[in-house]
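Residue numbers (this note's numbering), protein chains in the order written: chain A, 1 to 218; chain B, 1 to 182. For reference, the structure discussed in these notes is given below.
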């Protein structure tokens, strides 16, 4: 109260005219209804928006800062390196698949050798024609294998190189040529296809009393 | 509950506990006084609202660093007054107005108010206040409308009490002159 009186007295001393002006607030009527009730909520919403913007601004500012480094000239040689690697990349065929395929090939080839030799022997024998030297060798070898029951052992002992070499050499042999035509690794058929004529071979082998076993029964 | 706390408790609560609750309590405690202080300087409600909100946003950002040796009350008024003066300065630059043009502009704003009545003394007083330089206007408003002691005004306006007394005296005389001549 004393403070108010002091201020009032001070004003009266300076100007009675101003001191007598009514203290009504002429602007009070044009404040929107509920303004002060809503103000704090409005301010806090703006603060939250500002803080979101500031956060996204700071994220924007670090967008182009790379914390990782790379060897000098890495990108200038990258395309060459990729091309080089593509060129030198060996065709991936699993050893297992290749080995199995070659075993089938070998089975077919040996069966073919035996089959042709024994067929020739059989025919010649029936006609009582003279045996040719290679047939004799084939018969001897075939008998040896039959006697020992070592068909699978012989089959497994063949080297891949020998099988491939034989197939290349025996282009006139129908069976071998058929198999050899499949040696191109890019067109290598599934293993089952190598035995598509197995029934025919089985007939001959059965007639000759060969205990035929499929190679994958090793 | 928070409204019942004094300023030191509110500031401590802001710094250590529930920031938003403490800040809401501070706004509610001072919003009306600060609004009217701002409104009397910038005249239009929309401008007063902008300045008030911007001022509180600055307070939010700075309150963590607020030193408790100064009073929250005077600190808030100082920010509000500076925001008003900055706002008026920007307006002046933006529209290329001189001081007398700006006075004319603010007077026209008052006259454009739906409730304006040029025959009523309270409206004449409003027009008279616009004739004062900005800082003198702030001194007059704080002393006349808010009955603020010179000691507090000194902290807010960062001016000596003697200079403030002289300023207030000159302001009242100018207003008296305006009222007697209009």
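C-beta: ideal position from N, C-alpha, C; glycine also.
Report the residue from the options whose alpha carbon sits nearest the alpha carbon of residue i.
| i | options | result |
| --- | --- | --- |
| residue 33(B) | 20(B), 48(B), 65(B) and 68(B) | 48(B) |
| residue 51(B) | 125(B), 165(B), 171(B) and 89(B) | 89(B) |
| residue 20(B) | 11(A), 5(A) and 44(A) | 44(A) |
| residue 176(B) | 65(A), 10(A) and 15(A) | 15(A) |
| residue 152(B) | 144(B), 161(B) and 145(B) | 161(B) |
| residue 185(B) | 83(B), 17(B) and 69(B) | For residue 185(B) there is no data in the structure shown, the boundaries of chain B being 1 and 182. |
| residue 50(A) | 172(B), 149(B) and 56(B) | 56(B) |
| residue 40(B) | 165(B), 156(B) and 146(B) | 146(B) |
| residue 19(A) | 33(A), 31(A) and 4(A) | 4(A) |
At a Cβ threshold of 8 Å, is residue i touching chain A?
| i | result |
| --- | --- |
| residue 1(B) | Unreliable placement is indicated for residue 1(B), whose pLDDT of 43 sits below 50; the coordinate value is still reported in the next sentence. False, the Cβ-Cβ gap to chain A never drops below 8 Å. |
| residue 11(B) | no |
| residue 126(B) | yes |
| residue 181(B) | no |
| residue 50(B) | no |
| residue 4(B) | Reliability of the predicted coordinates at residue 4(B) is poor, the pLDDT of 47 falling under 50, and the value obtained from them is presented with this limitation in mind. Taking Cβ atoms only, chain A never reaches closer than 8 Å to residue 4(B), which makes this a no. |
| residue 57(B) | yes |
| residue 18(B) | no |
| residue 74(B) | no |
| residue 176(B) | yes |
| residue 131(B) | no |
Which stretch, first to last residue, makes up the alpha helix (DSSP H) that contains residue i?
| i | result |
| --- | --- |
| residue 168(B) | 161–181 |
| residue 22(B) | 19–42 |
| residue 54(B) | 45–62 |
| residue 158(A) | From DSSP, residue 158(A) is part of no alpha helix (DSSP H); its letter is neither H nor E. |
| residue 20(A) | First-last for residue 20(A): undefined, no H or E at that position. |
| residue 41(A) | 35–61 |
| residue 140(B) | 134–144 |
| residue 95(B) | 72–95 |
| residue 76(A) | 74–88 |
| residue 65(A) | First-last for residue 65(A): undefined, no H or E at that position. |
| residue 7(B) | 7–16 |
| residue 128(B) | 121–129 |
| residue 257(B) | Any question about residue 257(B) goes unanswered here, given that chain B covers just 1 to 182. |
Kindly say whether residue i, judged by its beta-carbon, lies nearer than 8 Å to any beta-carbon of chain B.
| i | result |
| --- | --- |
| residue 85(A) | no |
| residue 223(A) | Here chain A comprises residues numbered 1 to 218, so residue 223(A) is not present and cannot be evaluated. |
| residue 53(A) | no |
| residue 4(A) | yes |
| residue 29(A) | yes |
| residue 15(A) | yes |
| residue 42(A) | yes |
Three CB pairs or more closer than 8 Å across the segment 137–155 of chain B and the segment 52–62 of chain A: no
Cβ contact check for the segment 118–134 of chain B and the segment 74–83 of chain B: 3 or more pairs under 8 Å: no
Touching by the beta-carbon criterion (3+ pairs, under 8 Å), the segment 23–35 of chain A and the segment 104–122 of chain B: yes
contact_flag[the segment 65–73 of chain A, the segment 56–75 of chain B] where n(CB pairs < 8 Å) is 3 or more: no
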